[in-house]
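Enquirer:
Protein chains: 2
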Amino acid sequence: MTLEIPEVVINRLPVYARALADLAARGETVVSSQALGEMLDVTPAQIRKDLSYFGRFGKQGRGYNVQGLLAKLREILGIDRQWRVCLVGVGRLGQAIAEYGGFGPQGFQIVAAFDANPDVVGKQVGGVTVRHIDDLDAYLRANRVDIGIVAVPASEAQSVVDRLVNAGIKAILNYAPITAHVPRDVTIRHIDPVLAMQSMTFYIKRSESSGAK
Amino acid sequence: MTLEIPEVVINRLPVYARALADLAARGETVVSSQALGEMLDVTPAQIRKDLSYFGRFGKQGRGYNVQGLLAKLREILGIDRQWRVCLVGVGRLGQAIAEYGGFGPQGFQIVAAFDANPDVVGKQVGGVTVRHIDDLDAYLRANRVDIGIVAVPASEAQSVVDRLVNAGIKAILNYAPITAHVPRDVTIRHIDPVLAMQSMTFYIKRSESSGAK
DNA sequence: GCCTGTGAAGGATTTCACAGCC
DNA sequence: GGCTGTGAAATCCTTCACAGGC
Numbered sequence: 049m050t051l052e053i054p055e056v057v058i059n060r061l062p063v064y065a066r067a068l069a070d071l072a073a074r075g076e077t078v079v080s081s082q083a084l085g086e087m088l089d090v091t092p093a094q095i096r097k098d099l100s101y102f103g104r105f106g107k108q109g110r111g112y113n114v115q116g117l118l119a120k121l122r123e124i125l126g127i128d129r130q131w132r133v134c135l136v137g138v139g140r141l142g143q144a145i146a147e148y149g150g151f152g153p154q155g156f157q158i159v160a161a162f163d164a165n166p167d168v169v170g171k172q173v174g175g176v177t178v179r180h181i182d183d184l185d186a187y188l189r190a191n192r193v194d195i196g197i198v199a200v201p202a203s204e205a206q207s208v209v210d211r212l213v214n215a216g217i218k219a220i221l222n223y224a225p226i227t228a229h230v231p232r233d234v235t236i237r238h239i240d241p242v243l244a245m246q247s248m249t250f251y252i253k254r255s256e257s258s259g260a261k
Numbered sequence: 049m050t051l052e053i054p055e056v057v058i059n060r061l062p063v064y065a066r067a068l069a070d071l072a073a074r075g076e077t078v079v080s081s082q083a084l085g086e087m088l089d090v091t092p093a094q095i096r097k098d099l100s101y102f103g104r105f106g107k108q109g110r111g112y113n114v115q116g117l118l119a120k121l122r123e124i125l126g127i128d129r130q131w132r133v134c135l136v137g138v139g140r141l142g143q144a145i146a147e148y149g150g151f152g153p154q155g156f157q158i159v160a161a162f163d164a165n166p167d168v169v170g171k172q173v174g175g176v177t178v179r180h181i182d183d184l185d186a187y188l189r190a191n192r193v194d195i196g197i198v199a200v201p202a203s204e205a206q207s208v209v210d211r212l213v214n215a216g217i218k219a220i221l222n223y224a225p226i227t228a229h230v231p232r233d234v235t236i237r238h239i240d241p242v243l244a245m246q247s248m249t250f251y252i253k254r255s256e257s258s259g260a261k
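So, in structure tokens, the structure goes:
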């Protein structure tokens, strides 16, 4: 029905949306694929092609209406609403996530947090009281949660992912350094700064050996 | 000379290396591309093809020697050595990064941290004393730093990136929610949980509208 | 018999290039 | 004249499939 939209395209849309929000904040009202492409190091053709999967949003000779396109993208992505997020793992990393102020303004509300450590359970982090991990399933049965954030040690991560999946959660943001398995109808994204650095070193090494300054 | 290796391939190698380290820790001595692929949700052919860019590491009929392949990958990626990292931005996020214990064991040593806020300058985080951002250039001139981590507010991020680039840094890990520009000989990776979530909502939305249970 | 390494085929994604519209 | 939307071409990446070695 919906002709299949490449995942790479979906992954770029939030980047476009962010740039458009920026332009809007700066008072810009129109932008061309050329100009947007320069902001984002993306070719204009790519932007136009990506958008063409969803409709025709531009005007020839003019470009795109910033507010209009932003609204469209927000709707397409579903970021025009509030999403309920739960956090599993409230160690150092989990606490930083809970207290990171960047999710709320984007519509991602952390509604619950869980941990196994009794020293942490009952504490207040980022506006919620930490519950015991044993209450996870009951909580998810009783409350709508759209996205799970996993911030537990690697050894626990797959089993936490499994519990989230079994409770019907369809989107998981995993900070644990493992490749977690999920069924095909569940979306998972991995945040792993170590992997990111480990791929960069390949290029540093190379630049040192060849054209070192 | 070195025939061009696709960046996607380079990005997968650290994942392979992590899985191999896992296998080694569990005492496994050999692994087939089949078995490794199952661990990582990757096709065996893809693993073999990826590795074939760098050499012939396996034995027909047997598979790969876990320790041997791991050592090779570590050498290829350059993660067999220590890398010197500096952190710019020691707000909440920056502090969490400085105190995150996951970098050191992987060979990424944070050797300096910088911030503009006088309340933070002089404080001790993650084993280093925070310096004033005005000392960044002098520090980079006097000390080898391989990788810069940017954890400043969006509004400051591009200018910090520029300063790192001008000081000759060839790899940047950017946590700020912007698309930063770098010259082609500089590698940059973006860590942005919000973008990750914003692409997942597209799929949640879809799964809700279609086969919702 | 099992599994690698790899050309060749297939598929996916990006870029080109231009008709059409403002 | 400037810029979108889009088929077609080009490029890039993945998968197939099998020869060859263990």
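Read top to bottom, the protein sequences are chains A and B.
Quick note: the first sequence uses my numbering, first residue 49, plus one each step.
Quick note: the second sequence uses my numbering, first residue 49, plus one each step.
Note that the Cβ used here is the ideal one computed from N, Cα and C, for glycine as well.
(1) For B:T91 and A:G139, I'd like the C-alpha separation in whole angstroms.
(2) Between the segment 107-125 of chain B and the segment 180-187 of chain B, are three or more C-beta pairs nearer than 8 Å?
(3) Mind checking whether A:L117 and A:L68 have CB atoms under 8 Å apart?
(4) Counting only beta-carbon separations shorter than 8 Å, does B:Q157 have a partner in chain A?
(5) Can you list, in chain order, the residues of its chain whose CB lies under 8 Å from that of A:A65, leaving out five sequence neighbours each side?
(6) Whose C-beta lies closer than 6 Å to the C-beta of B:A219 among residues of the same chain, with five residues either side of it excluded?
(7) Start and end of the alpha helix (DSSP H) containing B:T91?
(8) Can a CB atom of chain A be found closer than 8 Å to the CB of B:Q206?
(9) If B:V242 sits next to B:P225, beta carbons under 8 Å apart, how far is it from one beta carbon to the other, in whole angstroms?
(10) Quick check: what's the CA-CA separation for A:Y112 versus A:T77?
(11) With distance defined between alpha-carbon atoms, name the residue in A:V230, A:M87 and A:L61 nearest to A:S100.
(12) So, is A:V56 buried or exposed, given that buried needs 16 or more other C-beta atoms within 10 angstroms?
(13) Please compile the residues from chain A whose C-beta is within a distance smaller than 7 Å of the C-beta of B:A244.
(14) Verify the CB distance criterion: does A:V178 have a CB-CB separation below 8 Å to chain B?
(15) Mind pulling the chain A residues with CB within less than 7 Å of B:R132?
(16) In chain B, which residues lie with their C-beta within 9 Å of the C-beta of A:L141?
(17) B:A190: buried (16+ other C-beta within 10 angstroms of its C-beta) or exposed?
(18) For B:F105, go through chain A and note every residue whose CB falls closer than 7 Å to its CB, in chain order.
(19) Answer with buried or exposed for A:K97, where buried requires no fewer than 16 other C-beta atoms within 10 angstroms of its C-beta.
(20) So, helix, strand or coil for B:Y187, using DSSP?
(21) Check A:K261 in the structure and name its three-state DSSP category.
(22) Would you say A:Q143 touches the ligand FAD, meaning its beta carbon is less than 7 Å from a heavy atom?
(23) Check the Cβ of B:T227 against every Cβ in chain A and list those closer than 9 Å, keeping chain order.
(24) By the three-class DSSP mapping on this structure, what secondary structure does A:A228 have?
(25) Kindly indicate if chain A contains any beta-carbon less than 8 Å away from that of B:S100.
(26) Provide the residue span of the beta strand (DSSP E) that contains B:V157, from first to last.
(27) Taking 8 Å as the threshold (C-beta atoms), are B:L135 and B:I158 in contact?
(28) Rounded to whole angstroms, what's the CA-CA distance from A:Y148 to B:G106? Just pull it up for me.
(29) Let me see if you follow: with CB-CB separation under 8 Å, is A:L51 close to chain B or not?
(30) What in chain B is Cβ-close to A:N59, meaning under 7 Å?
(31) By the three-class DSSP mapping on this structure, what secondary structure does A:L135 have?
(32) What did DSSP end up calling A:I181 once you bin it into helix, strand or coil?
(33) Under the DSSP definition of a beta bridge, which residues are partnered with A:Q143?
(34) Considering A:I217, what are the terminal residues of the beta strand (DSSP E) in which it resides?
(35) What span of residues does the beta strand (DSSP E) with A:R122 cover, start to end?
(36) How is A:K171 classed by DSSP in three states: helix, strand or coil?
Expert: Looking at the coordinates:
(1) One C-alpha to the other measures close to 34 Å.
(2) no
(3) Yes; because the gap between Cβ atoms is below 8 Å, this pair is in contact.
(4) no
(5) L118, L121, R122, L125 and I127
(6) I195 and T235
(7) Here B:T91 belongs to no alpha helix (DSSP H), and DSSP marks it neither H nor E.
(8) no
(9) 6 Å
(10) 8 Å
(11) Of the candidates A:V230, A:M87 and A:L61, the one whose C-alpha sits nearest the C-alpha of A:S100 is A:L61.
(12) By the neighbour-count rule (16 or more Cβ atoms within 10 Å), A:V56 is not buried but exposed.
(13) L221, R237 and I239
(14) It does not; no Cβ of chain B falls within 8 Å.
(15) Neighbours of B:R132 on chain A: none; closest Cβ ~11 Å, over 7 Å.
(16) The contact set of A:L141 on chain B, defined by CB atoms closer than 9 Å, consists of A144, Y148 and G150 in chain order.
(17) exposed
(18) The contacting residues do not exist; B:F105 stays about 17 Å from chain A at best.
(19) exposed
(20) helix
(21) With a pLDDT of 42 at A:K261, under the threshold of 50, the modelled position of this residue cannot be trusted, and the question is left open.
(22) As presented, the structure is devoid of all ligands, the ligand FAD included, so that no description of it is given.
(23) The answer, in chain order, is V63, R66, A67, M87, L88, D89 and V90.
(24) coil
(25) no
(26) The residue asked about is misnamed: residue 157 of chain B is Gln in this sequence, not Val. For B:Q157, the uninterrupted beta strand (DSSP E) segment begins and ends at F156 to D163.
(27) yes
(28) 45 Å
(29) no
(30) S247
(31) Here A:L135 sits in strand by DSSP.
(32) helix
(33) DSSP, once it has assigned bridges, lists no residue as partnering A:Q143.
(34) Here A:I217 belongs to no beta strand (DSSP E), and DSSP marks it neither H nor E.
(35) Careful: A:R122 lies outside any beta strand (DSSP E), inside the alpha helix (DSSP H) at V114 to L125.
(36) coil
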